[in-house]
Amino acid sequence: MIDSNDTIEAEIETVDVLIVGSGPTGTSIALHLVQRNPDWANRILLVDKAVHPREKLCGGGITHMGQNILADLGLTLQPTHFDVREVKLIYDDQSYSFLGDPVFRIVRRSEFDHWLVQECEQRGVTISQGEAVKEIAVAQTHVVVTTDQRTIHAQMIIAADGSKSFVRSKLKWNDHGNDGLRVARLVEVDTPEDPAVTPEFRDAVAVFDFSRMVDGHLQGYYWDFPSYVDGEPIMNRGLFDSRAQPKRPKAKLKELLRGELATRGRDLDDYKLKGAPIRWFDKNAEIARPRVLLAGDAAGVDPLMGEGISFALGYGPVVAETIEDAFRRHDFSFDSYRPRLMKTGLFRQLQMRVQVARFAYILKYPRFFRAGWAVANRAIKLTRWRNPNYTPSQLPVLK
Ligand SMILES: Cc1cc2nc3c(=O)[nH]c(=O)nc-3n(C[C@H](O)[C@H](O)[C@H](O)COP(=O)(O)OP(=O)(O)OC[C@H]3O[C@@H](n4cnc5c(N)ncnc54)[C@H](O)[C@@H]3O)c2cc1C
Numbered sequence: 001m002i003d004s005n006d007t008i009e010a011e012i013e014t015v016d017v018l019i020v021g022s023g024p025t026g027t028s029i030a031l032h033l034v035q036r037n038p039d040w041a042n043r044i045l046l047v048d049k050a051v052h053p054r055e056k057l058c059g060g061g062i063t064h065m066g067q068n069i070l071a072d073l074g075l076t077l078q079p080t081h082f083d084v085r086e087v088k089l090i091y092d093d094q095s096y097s098f099l100g101d102p103v104f105r106i107v108r109r110s111e112f113d114h115w116l117v118q119e120c121e122q123r124g125v126t127i128s129q130g131e132a133v134k135e136i137a138v139a140q141t142h143v144v145v146t147t148d149q150r151t152i153h154a155q156m157i158i159a160a161d162g163s164k165s166f167v168r169s170k171l172k173w174n175d176h177g178n179d180g181l182r183v184a185r186l187v188e189v190d191t192p193e194d195p196a197v198t199p200e201f202r203d204a205v206a207v208f209d210f211s212r213m214v215d216g217h218l219q220g221y222y223w224d225f226p227s228y229v230d231g232e233p234i235m236n237r238g239l240f241d242s243r244a245q246p247k248r249p250k251a252k253l254k255e256l257l258r259g260e261l262a263t264r265g266r267d268l269d270d271y272k273l274k275g276a277p278i279r280w281f282d283k284n285a286e287i288a289r290p291r292v293l294l295a296g297d298a299a300g301v302d303p304l305m306g307e308g309i310s311f312a313l314g315y316g317p318v319v320a321e322t323i324e325d326a327f328r329r330h331d332f333s334f335d336s337y338r339p340r341l342m343k344t345g346l347f348r349q350l351q352m353r354v355q356v357a358r359f360a361y362i363l364k365y366p367r368f369f370r371a372g373w374a375v376a377n378r379a380i381k382l383t384r385w386r387n388p389n390y391t392p393s394q395l396p397v398l399k
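Count the sequence shown with the numbering used here and you get residues 1 to 399, in order.
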């Protein structure tokens, strides 16, 4: 319950669970709590420094994993989205493709996150937008959170405040002094398109081009994601640099993106360049302390492909279960959080991606890439992904 306490000089509100951040992580946690028991709606408070619909730097690609988590909540994707029918993986003059109906969907994050916020509110959850958390002090019996508007005493808090998590830094959270090593770098631009002319729009193709791994120090890929922004066709183009091998020289992302755009007949200077990090998951990293949980980008997502939305949504059911158990047992140590995460198929897959990324992004020999692409080209034809009518969203949810 949110109560005010008039006896204290400055008004203090109390709440059972305070969720900092209302992106896919924060909203998924709230939706899963309320799904478990509608009474949670009165026991949780989400605060977000932004006001939705707010801009969030992101390609907006959502795979079947994220869509299935939404489906488990009884939600079908409402915001405008682009259905990708072919994912083309390129290395120089070679390529192979995954086909499907769709392979994945592309949303605009401002619209997607706003929709999730509205779904929370429709279930009675309070979301205070335009309220930034400024101070946090963890006491034995509660957490004192000071925002730019008030002081809140919470039984526990969840950091769902993104890859530059304020909660993490305020509580001096680091991964054994090694925190900087788990952060991927991303840059992107939006280019307006004529859908009748641009082949990726016309044929519903998303591109992942790994060619710059060999000659550009890129530990990742260039992407082309066709999408709609306020109904207008926009190509989201960017670079993902996992930095899975942190000791290797850093790619010059701006220069590389300039080159990639030039080969597509575009001049980088004509567009607004934006950049943001993604924190990647590590099953051994600290993700909980007494009365505090990290989730979503604040805890870590995928270093292999930079997929974060599905995993952000996927923290929801596990955090909800962990919270319910903590209140039932009056034990807020959260020792069970990590084992609960790692029990799920989704997070075991995430950990596998961490391991694959460390291996895949060590490679830099053209001969290896050529051989790999030739093998993949044949192998894909033996899978369901060769079929343009394949619907991966019918795959069982990874639990
Ligand atoms: C360029 C780029 C492209 C990407 N493309 C894809 C993609 O195509 N597909 C994919 O799956 N993933 C992609 N990702 C990753 C994906 O965007 C993230 O994994 C995802 O947004 C994580 O969600 P989140 O809810 O944890 O954090 P966020 O979405 O970042 O939400 C955090 C929220 O916390 C709020 N907040 C922050 N500080 C405070 C504070 N002090 N007080 C109150 N509120 C606060 C913010 O306003 C924000 O609303 C991309 C990331 C980047 C950077």
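From the three backbone atoms N, C-alpha and C, an ideal C-beta is built for every residue, glycine too. Treat the numbers as computed from the prediction; the structure is a model and nothing was measured.
Where V301 falls: helix, strand or coil (DSSP): strand
Please state the DSSP three-state secondary structure of E86. Three-state result, E86: strand.
Cutting at 6 Å between CB atoms, please list the residues of its own chain near A251, excluding the five before and the five after it. G216, H217, L218, D241
Where Q219 sits in the DSSP three-state scheme: coil
Smallest Cα separation from R411: which of V214, A326, Q245, V167? Residue 411 lies beyond the stretch modelled for the chain, which goes from 1 to 399, so this question has no answer here.
Quick one: which unbroken alpha helix (DSSP H) runs of 4-plus residues sit fully inside the stretch 352-395? Chain order, please. 366-380
From P392 to H64, what distance separates their C-alpha atoms? So the two alpha carbons sit approximately 6 Å from each other.
In chain order, what are the residue ranges of uninterrupted beta strand (DSSP E) at least 3 long that sit wholly in the stretch 279-323? Fully enclosed beta strand (DSSP E) runs of 3 or longer: 292-294.
For a quick check, are the C-beta atoms of W373 and Q78 less than 7 Å apart? no
Determine the DSSP secondary structure at K247, reduced to helix, strand or coil. K247: coil per DSSP, three-state reduction.
Nearest to H81 (by Cα), restricted to the options I106, D101, Y365: I106
Three-state secondary structure (DSSP) at D16? strand
In three-state DSSP terms, what is F98? strand
L77 in three-state terms, based on DSSP: coil
Ignore the nearest five residues each way along the sequence and tell me which others in R212's own chain have a CB closer than 6 Å to its CB. Excluding sequence positions up to five before and after R212, its CB lies within less than 6 Å of the CB of L218, L256, all in the same chain and listed in chain order.
Work out the CA separation of E260 and D401 for me, nearest whole Å. Residue 401 lies beyond the stretch modelled for the chain, which goes from 1 to 399, so this question has no answer here.
Considering only the beta carbon of each residue, do K134 and T146 sit closer than 7 Å? Against a cut-off of 7 Å, the Cβ pair of T146 and K134 comes out as a contact.
Straight-line Cα distance separating R168 from E111: 27 Å
N- and C-terminal bounds of the beta strand (DSSP E) containing D161: DSSP places D161 outside any beta strand (DSSP E), giving it a letter other than H or E.
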